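A.B. asks: In this note's numbering, the protein residues as written are 107 to 192.
Pasting in a structure now, in structure tokens, and then I'll have a few things to ask.
Printed below as a string of structure tokens:
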């Protein structure tokens, strides 16, 4: 995905909040909403989180191995939902 806008900021993935139910990382945006990027996007090499309410974007700094524990969490959730366990 090509972005013309400059990054508002760069954020380390450890600074972001992770919602395991949604598989989304979020970070507060100055507009009052939150920047969002999914675990799937990150696993596919994406590093730009967008705000759904304004045009600001941030660059998420991470190493591929930083995502391992989050990918495992999402895999466990998928297995539980398929098998009917909560």
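For glycine and all other residues, C-beta sits at the position ideal for the given N, C-alpha and C.
Predicted, not measured: the structure shown is a model, and the values here were computed from it.
Which first and last residues belong to the beta strand (DSSP E) in which residue 153 is found?
C.D. replies: Residue numbering aside, residue 153 sits at position 47 when the chain shown is read from its first letter. Counting along the chain, residue 153 falls outside any beta strand (DSSP E), and DSSP gives it neither H nor E.
A.B. asks: Between residue 135 and residue 167, what straight-line distance do the alpha-carbon atoms span, to the nearest angstrom?
C.D. replies: Numbered from 1 along the chain shown, position 29 holds the residue referred to as residue 135. Numbered from 1 along the chain shown, position 61 holds the residue referred to as residue 167. Residue 135 and residue 167: Cα-Cα distance of roughly 17 angstroms.
A.B. asks: Closer than 6 angstroms by C-beta to residue 130: which residues in its own chain qualify, once you throw out the five before and the five after it? Chain order, please.
C.D. replies: As a working mapping, residue 130 is identified with position 24 in the chain shown. For residue 130, where only same-chain residues beyond five positions count, the Cβ hits under 6 angstroms are 142, 144.
A.B. asks: For the beta strand (DSSP E) that contains residue 165, what are its first and last residues?
C.D. replies: Stepping through the chain shown from its first residue, residue 165 is reached at position 59. Start and end: 163-167.
A.B. asks: Quick check for students: name the residue ranges of the beta strand (DSSP E) that lie wholly in the segment 120-151, counting only runs of 3 or more.
C.D. replies: 123-125, 130-134, 140-144
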